[in-house]
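Since the structure comes first, as structure tokens, the remarks are kept for the end.
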Amino acid sequence: MGIRGVRIEGPEQFLKGLKDKHPSLTVQALNARFVAGFEHLEMVLQQSWMAFDRETSYSKKLDLEIIVRVACDSQIARALRTVGLKSKAMDIALVAIGEPRALEFFSEAIKGLGEISDDVIELNPKKESFLIKHHKIANELIGATIADNKLAVILAERANLLRI
């Protein structure tokens, strides 16, 4: 879920507050600028879940695994600095994993955080240009990729290959 203009006083306290209020869920909040659309998030979530199932995860916690994979960086501290929350007003991608009833309650509870907007997650030309530059993706790689959201596929593949 995307939320526009969330005021974050302290990133750790913000996330801890969400997790404390919803202990049955796995919750992670990311800087939406680093998410290349819902397809990207879906692929990262699937990779993270499978890594835990196969005991090949980079982190001991699913919420941190998501951060590492979105950042395409196996160093947790660096990944948190890159795609984690900052003390300011920002657009966030909020991920919650759990039972449907708990997720419904969570969705209602977060409505006061800011404007619910999937636009902050969607890939647009400005975000695409930023992500290509940030991840140093060659135009040849983009041209050789067959997918509707080429950037999401490339970033998910990079996240999958972090150990190599």
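Position one of the sequence shown corresponds to residue 441 (our numbering), numbered consecutively onward. Using N, Cα and C, we set each Cβ at its ideal position, and we do this for glycine too. A quick note: this is a predicted structure, and the numbers were derived from the prediction, not measured.
Contact between residue 594 and residue 581 holds: CB atoms are separated by about 6 Å, below the 8 Å threshold. The residues 487, in chain order, have a CB closer than 7 Å to that of residue 600 in the same chain once the five nearest residues on each side in sequence are set aside. Looking at 458, 485, 564, the one whose alpha-carbon comes closest to that of residue 473 is 564.
The C-beta distance from residue 480 to residue 592 rounds to 4 Å, short enough to meet the 8 Å contact threshold. Here residue 524 carries a coil assignment [DSSP, helix/strand/coil]. Taken through DSSP and simplified to helix, strand or coil, residue 588 comes out as coil.
Taking a contact as a CB-CB distance under 8 Å, the pair residue 537 and residue 519 does not count as one, their CB atoms being some 18 Å apart. Going by beta carbons, residue 561 and residue 442 fall inside the 8 Å limit. Between residue 526 and residue 448, the CB-CB gap stays under 8 Å. Assigned with DSSP and collapsed to three states, residue 531 falls in strand. Contact annotation: residue 503 and residue 453 have beta-carbon atoms that are not nearer than 8 Å.
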